[in-house]
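Residue numbers (numbering that gives the first Met the number 0), protein chains in the order written: chain A, 0 to 235; chain B, 0 to 193. Here a beta-carbon is modelled for each residue, glycine too, at the ideal position from N, C-alpha and C.
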Amino acid sequence: MPLVYPNMQMSEVVEEHPSLIPVINRFGIRLGLGDKSVKTICDEYQLDTDFLLTVINTFLNEEYFPERKLQTFHTSQIIDYLTKTNQYYLRYQLPNIERHLTSFISMSTPGNNTLNLIGKFFSSFKEELTARIEKDDKVWFPYCQALSEKINGCQASDETGVLQLSGEQRLEDPIEALLSDLKGIMVKHLSGDYNENLCYAVIFGISSLEKDIKQHNRIRYRILTPMVSAMEKLCK
Amino acid sequence: MHKTRQIAIILSDTLQSIGLQSLLTDYFPPVEVCWFPTFDAFNAADCNDTFDYYFTSSETLVMNGDFFLPRRSKTIVLIDGAEGDGGISTTNHITVKASQEIIIEQLQQLLANDNSGNLSGDTNKDLSTRETDVLQLIVKGITNKEIADKLSISLNTVLTHRKNITAKLGIKTVSGLTFYAIMNGIISGDDIEL
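In structure tokens form, the structure reads like this:
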């Protein structure tokens, strides 16, 4: 997929890829974009154009992930973005899926036990994701933030903060695994009578949450985590 | 799950190679394509036998019959003609002057030949008795070590069983496995809490 550039018209980009709407919303950009370019809009909202574009482009292109570039952004920018994605999951995506799932279960034949099981499966997923977000907010992000402030304090300007990042391999993320199982199980093992339309709505919701979380995790494990371990070394 | 096809293109024509490569990546993923301008370069790469298919020209084929003839079923020759021309149907070929639609059809037929691997993979999705035993214990939340003790098998064997279960069912998490087990009557829903 071609990349998005600063001089492109934002409205055209969004029309072409409506899945970007929640992403730009996270940056505070709202619809009613007019004919303004990406650059103009970023200036108006006082956003770092480079950062916004990197996020948009990695979101659109599964293969595009400029690790070196992402690591040049400030820790607080990254944390801020990850926090906003977390909020989006909690406030919109989870409740959306839940709403559809609840009507899916109640509108389909009562006593279809499969569906109740899917409901339970989803609740256990929700618990896990909520717990992770809570931990992010209370422990992990504040820790990263504090570390980065400490580095800024003790580092002279001549060291341009070239962090020695280790190419750490990430393990399978349990949140991603749960979502992919949930989707796979519905597709493969659904049985009995059920409401097709609501079923699709649920799977669609799960699938777009899955895509979003994958992007979140890429930044989390391949950018933030190595940044933090590099800062930890530097501070010793 | 499809296996990635390893493809070697041995053609001196750069544009032809690029075109072929983009058709293969666009229409027949997942593929991994290596391009060699000459047979010598191909030989030098020292990975001759790792490929599933070889695309080459008839000249290269004739000049290097020793290599290609034993691999005839994997070799595809680009011949200079439209559809129906040539008539040398003993070798696999695609006709470079045919329309894109026809070339894609030709590639489809050629690449469809080797479903042998896929088919055998598909037939054996059922869990063995032992795997079912292990699954029953996993979903009860018992640790690998305890499973090993209960079934009097080694920890490594438990891990292998787990790996095979995940591979066969395509389910990675305990919650997913639990759901599968209940749905398929491997355990009763009352036994556990999800």
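Please report the straight-line C-alpha distance between residue i and residue j, rounded to a whole angstrom.
i: isoleucine 218 of chain A; j: serine 18 of chain A; result: 18 Å
i: tyrosine 142 of chain A; j: isoleucine 174 of chain A; result: 22 Å
i: glutamine 144 of chain A; j: serine 75 of chain A; result: 6 Å
i: alanine 155 of chain A; j: valine 37 of chain A; result: Here alanine 155 of chain A scores only 45 on pLDDT, less than 50, and its place in the model should not be relied on; the value that follows carries that caveat. Rounded to the nearest angstrom, the two C-alpha atoms are 35 Å apart.
i: glutamine 108 of chain B; j: phenylalanine 203 of chain A; result: 34 Å
i: serine 119 of chain B; j: leucine 223 of chain A; result: Low confidence applies here, because serine 119 of chain B scores a pLDDT of 42, under 50, leaving its location unreliable; read the following figure in that light. Those two C-alpha atoms are separated by around 43 Å.
i: valine 12 of chain A; j: glutamine 92 of chain A; result: 23 Å
i: serine 190 of chain A; j: asparagine 111 of chain A; result: 8 Å
i: tyrosine 26 of chain B; j: leucine 150 of chain B; result: 48 Å
i: threonine 59 of chain B; j: aspartate 45 of chain B; result: 17 Å
i: threonine 122 of chain B; j: serine 98 of chain B; result: The predicted position of threonine 122 of chain B is uncertain, since its pLDDT is 46 and thus under 50; no value can be drawn from it.
i: threonine 172 of chain B; j: alanine 147 of chain B; result: 19 Å
i: serine 107 of chain A; j: tyrosine 44 of chain A; result: 46 Å
i: threonine 82 of chain A; j: glutamate 61 of chain A; result: 21 Å
i: valine 95 of chain B; j: phenylalanine 41 of chain B; result: 22 Å
i: methionine 230 of chain A; j: leucine 158 of chain B; result: 36 Å
i: proline 225 of chain A; j: leucine 46 of chain A; result: 25 Å
i: lysine 162 of chain B; j: histidine 188 of chain A; result: 21 Å
i: alanine 166 of chain B; j: leucine 176 of chain B; result: 12 Å
i: lysine 68 of chain A; j: isoleucine 101 of chain B; result: 43 Å
i: methionine 182 of chain B; j: valine 138 of chain A; result: 39 Å
Taking Cβ-Cβ distances shorter than 9 Å, what residues in chain B pair up with residue i?
i: glutamate 171 of chain A; result: Lys171
i: histidine 188 of chain A; result: Phe178, Tyr179, Met182 and Asn183
Under 7 Å Cβ to Cβ from residue i, same chain only, skipping five residues before and after it: list those, please.
i: proline 65 of chain A; result: Thr53
i: asparagine 63 of chain B; result: Phe38
i: threonine 84 of chain A; result: Arg25, Asp211 and His215
i: lysine 144 of chain B; result: Leu154
Going along the chain, which residues of its own chain have a beta-carbon closer than 8 Å to the beta-carbon of residue i, five neighbours each way excluded?
i: glutamate 97 of chain A; result: Phe121 and Lys125
i: threonine 131 of chain B; result: Ile185
i: glutamate 209 of chain A; result: Glu175, Leu178, Ser179 and Lys182
i: glutamate 158 of chain A; result: Summary for glutamate 158 of chain A: the model assigns pLDDT 42, below 50, so the residue's position carries little reliability, and this model does not support an answer.
i: glycine 33 of chain A; result: Ser10
i: alanine 200 of chain A; result: His99 and Phe103
i: alanine 130 of chain A; result: none
i: lysine 124 of chain B; result: Lys167 and Leu168
For a contact defined as C-beta to C-beta under 9 Å, what are the partners of residue i on chain A?
i: glycine 175 of chain B; result: Phe120, Ala176, Leu177, Ser179, Asp180, Leu181, Gly183 and Ile184
Cβ atoms of residue j and residue i: under 8 Å apart, would you say?
i: isoleucine 170 of chain B; j: glycine 183 of chain A; result: yes
i: aspartate 48 of chain B; j: glutamine 5 of chain B; result: no
i: isoleucine 75 of chain B; j: leucine 126 of chain B; result: no
i: histidine 92 of chain B; j: isoleucine 78 of chain B; result: yes
i: serine 56 of chain B; j: leucine 10 of chain B; result: yes
i: asparagine 56 of chain A; j: leucine 89 of chain A; result: no
i: histidine 99 of chain A; j: leucine 197 of chain A; result: yes
i: isoleucine 132 of chain A; j: cysteine 234 of chain A; result: no
i: phenylalanine 140 of chain A; j: isoleucine 78 of chain A; result: yes
For a contact meaning CB atoms closer than 7 Å, what does residue i contact in chain A?
i: phenylalanine 178 of chain B; result: Leu116, Phe120 and Ile184
Show which residues of chain B have a CB atom less than 7 Å away from the CB atom of residue i.
i: threonine 224 of chain A; result: Ordered by position in chain B, no residue passes the 7 Å Cβ test against threonine 224 of chain A, which lies about 21 Å from the chain.
Run through chain B and tell me which residues come within less than 8 Å of residue i, C-beta to C-beta.
i: threonine 113 of chain A; result: Met182
Could you tell me how far apart the beta carbons of residue i and residue j are, in whole angstroms, since I believe they sit closer than 8 Å?
i: valine 133 of chain B; j: alanine 180 of chain B; result: Incorrect: roughly 11 Å between the Cβ atoms, too far for contact.
i: valine 32 of chain B; j: isoleucine 8 of chain B; result: 6 Å
i: glutamine 15 of chain B; j: tryptophan 34 of chain B; result: Incorrect: roughly 10 Å between the Cβ atoms, too far for contact.
i: leucine 114 of chain A; j: tyrosine 193 of chain A; result: 6 Å
i: valine 227 of chain A; j: leucine 128 of chain A; result: Between leucine 128 of chain A and valine 227 of chain A the Cβ distance is about 21 Å, and since that is not below 8 Å, they are no contact.
i: serine 123 of chain A; j: serine 187 of chain B; result: With 8 Å as the limit, serine 123 of chain A and serine 187 of chain B do not qualify as a contact, their Cβ atoms being about 19 Å apart.
i: tyrosine 87 of chain A; j: proline 21 of chain A; result: 6 Å
What does a CB cutoff of less than 6 Å around residue i pick up in its chain, not counting 5 residues either side in sequence?
i: cysteine 41 of chain A; result: Thr48 and Leu51
i: leucine 22 of chain B; result: none
i: tyrosine 63 of chain A; result: Asn56 and Thr57
i: asparagine 95 of chain A; result: Gly204
Within 8 Å of any Cβ in chain D, is that where the Cβ of residue i sits?
i: lysine 119 of chain A; result: Absent from the structure is chain D; the protein chains it does hold are A and B.
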